[in-house]
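Residue numbers (our numbering): 260 to 381.
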């Protein structure tokens with residue numbers, strides 16, 4: 260990469276780290292920030308087989324224990340818990356996107372007409 264570039268990171272998680280620990284450290288404050296006018300984006304990047312689908316929680320979740328849920332189910336749960344707690348003070352409109360970049364192609368995973376991306380996760 261060259262000697263003129265420096266890269267930093269906020270955290271490293273070991274093999275014993277839990278899904279909840281990763282969510283709380285990396286994502287929860289972004290979700291809570293949405294209630295203060297900030298947008299939030301969560302991106303999983305890495306080579307094939309590195310655990311992105313597991314960590315994000317977009318794989319098959321049938322029969323999964325609550326503590327094993329990934330980031331996406333935790334985001335949805337936190338978002339709607341916060342809306343419920345604040346609904347007497349404000350009106351809420353929720354918009355989201357669920358995108359996949361695979362082989363340099365963008366897939367909207369919430370668009371049924373783009374089923375090629377969704378099929379990989381079912």
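A virtual CB, placed ideally from N, CA and C, is assigned to each residue, including glycine.
To the nearest angstrom, how far is the alpha carbon of residue i from that of residue j?
| i | j | result |
| --- | --- | --- |
| residue 318 | residue 280 | 19 Å |
| residue 282 | residue 262 | 33 Å |
| residue 352 | residue 338 | 11 Å |
| residue 344 | residue 360 | 34 Å |
| residue 334 | residue 354 | 13 Å |
| residue 275 | residue 363 | 32 Å |
Based on Cα-Cα distance, which residue from the options lies nearest to residue i?
| i | options | result |
| --- | --- | --- |
| residue 348 | 268, 294 and 365 | 294 |
| residue 301 | 315, 278 and 307 | 315 |
| residue 304 | 297, 313, 370 and 368 | 313 |
| residue 369 | 356, 306, 344 and 323 | 356 |
Let me confirm a value: residue i is counted as buried when at least 16 other C-beta atoms fall within 10 Å, else exposed. Which label applies?
| i | result |
| --- | --- |
| residue 271 | exposed |
| residue 267 | exposed |
| residue 329 | buried |
| residue 340 | exposed |
| residue 290 | buried |
Looking only at its own chain, which residues have a Cβ that is under 6 Å from the Cβ of residue i, when we skip the five neighbours before and after it?
| i | result |
| --- | --- |
| residue 332 | 316 |
| residue 308 | none |
| residue 342 | 351 |
Identify, in the order they occur along the chain, each residue of the same chain with its Cβ nearer than 7 Å to the Cβ of residue i, setting aside the five sequence neighbours on each side.
| i | result |
| --- | --- |
| residue 327 | 278 |
| residue 284 | 270 |
Could you spell out where the alpha helix (DSSP H) holding residue i opens and where it closes?
| i | result |
| --- | --- |
| residue 360 | Not the alpha helix (DSSP H): residue 360 falls in the beta strand (DSSP E), residues 358-361. |
| residue 280 | 278-285 |
Locate the beta strand (DSSP E) running through residue i, then write down its first and last residues.
| i | result |
| --- | --- |
| residue 338 | Where residue 338 is concerned, there is no enclosing beta strand (DSSP E), although the alpha helix (DSSP H) it sits in stretches over 330-345. |
| residue 366 | 364-367 |
Starting from the C-beta of residue i, find all residues in its chain whose C-beta is less than 8 Å away, skip the five residues before and the five after it, and write them out in chain order.
| i | result |
| --- | --- |
| residue 292 | 299 |
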